[in-house]
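S.K.:
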Amino acid sequence: MIILDTSVLYALLDRRDRRHDEAALWYSQTDEEMATTPLIVAEVDHLARTRTGRRAVEAFHRDLAGGAYLVEWWPGAAARIVEVAGHYSGLDLGLADASLIALAERLGTTALATFDERHFRAVRPLTGGLAFALAPTDS
Numbered sequence: 048m049i050i051l052d053t054s055v056l057y058a059l060l061d062r063r064d065r066r067h068d069e070a071a072l073w074y075s076q077t078d079e080e081m082a083t084t085p086l087i088v089a090e091v092d093h094l095a096r097t098r099t100g101r102r103a104v105e106a107f108h109r110d111l112a113g114g115a116y117l118v119e120w121w122p123g124a125a126a127r128i129v130e131v132a133g134h135y136s137g138l139d140l141g142l143a144d145a146s147l148i149a150l151a152e153r154l155g156t157t158a159l160a161t162f163d164e165r166h167f168r169a170v171r172p173l174t175g176g177l178a179f180a181l182a183p184t185d186s
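Under our numbering, the residues of the sequence shown are numbered 48 to 186, in order.
1) Indicate whether I148 and V131 have their beta-carbon atoms separated by less than 8 Å.
2) V118 by DSSP, collapsed to three states: which one?
3) For the ligand HEM, is there any heavy atom lying closer than 7 Å to the beta carbon of T83?
4) Can you find the residues in the same chain that come closer than 6 Å, C-beta to C-beta, to E80, ignoring five residues on each side of it along the sequence?
5) On the CB-based measure, 16 or more other CB atoms within 10 Å of its CB, does P122 come out buried or exposed?
6) Within the same chain, show all residues whose beta-carbon is closer than 7 Å to that of D98, passing over the 5 residues directly before and after it, in chain order.
7) Return the CA-CA distance between H103 and A115, expressed in angstroms with no decimal places.
8) Using 8 Å as the threshold, is the region 65-73 in touch with the region 168-178, meaning 3 or more CB pairs across them?
9) Tell me which same chain residues have a C-beta within less than 7 Å of the C-beta of A106, skipping the five on either side of it?
10) Do L142 and L86 have their CB atoms nearer than 8 Å?
11) Assign D64 to one of two classes, buried (16 or more other C-beta atoms within 10 Å of its C-beta) or exposed (fewer than that).
12) For G137, tell me which candidate among R66, H166 and A124 has the shortest Cα-Cα distance.
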């Protein structure tokens, strides 16, 4: 299971994004199941609406509706996400990024797809691993 961050999902949508080709190549070569949180979905939707055209927004919505990746929320998610953000308060980790760390813990994975290396190289998986494997960089 690979956890998806805003940066990779947005790069997939926006052909003008400087990392679009890198994200698209990685995505096309990945056969693992992927998941994200509603917080990331909201971020990507906002970015797509403000920075891209209607076609990109519609493509994103089709991916969501078609199950291209799981969107996970669970009882106690909000409390756990706030706890994770508080644990990493020195990094100024937002709730969206904290939601991915909590989701990775819940799903028992250390695989994260992100271009946000500043935050995700600094945090440790809550499942006990030494570091997250960050795709596409570590792939």
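Each residue gets a CB set at the ideal place from its N, CA and C atoms; glycine is no exception.
No experiment lies behind these values; they were computed from the predicted model shown.
M.R.: So, to answer that:
1) The count along the sequence shown starts at 1 and reaches residue 148 at position 101. The count along the sequence shown starts at 1 and reaches residue 131 at position 84. Yes, they are a contact pair.
2) Indexing the sequence shown from 1 puts residue 118 at position 71. DSSP places V118 within a strand segment (E or B) once states are collapsed to three.
3) The ligand HEM is absent from the structure shown, which contains no ligand whatsoever.
4) Mapped onto the sequence shown, residue 80 falls at position 33. If we look at E80 and ignore the five residues flanking it on each side, its Cβ neighbours are M48.
5) The sequence position of residue 122 within the sequence shown is 75, counting from 1. By the beta-carbon neighbour count (other beta carbons within 10 angstroms, threshold 16), P122 is exposed.
6) As a working mapping, residue 98 is identified with position 51 in the sequence shown. Per the sequence shown, residue 98 should be read as Arg rather than Asp. So the list reads D61, once near-sequence residues are dropped.
7) Along the sequence shown, one-based indexing puts residue 103 at 56. Along the sequence shown, one-based indexing puts residue 115 at 68. For clarity, residue 103 is Ala in the given sequence; the question names His instead. CA-to-CA, the gap between A103 and A115 works out to about 15 Å.
8) The region 65-73 vs the region 168-178: no contact.
9) Stepping through the sequence shown from its first residue, residue 106 is reached at position 59. These residues qualify, in order along the chain: L60.
10) Start at 1 with the first residue of the sequence shown, and residue 142 comes out as number 95. Start at 1 with the first residue of the sequence shown, and residue 86 comes out as number 39. Taking a C-beta distance under 8 Å as the contact criterion, L142 and L86 qualify as a contact pair.
11) Position 17 of the sequence shown holds residue 64. Note on D64: 16 or more other CB atoms within 10 angstroms of its CB, so buried under the neighbour-count rule.
12) As a first step, residue 137 must be located in the sequence shown, where it is residue number 90. Nearest C-alpha to G137 among R66, H166 and A124: H166.
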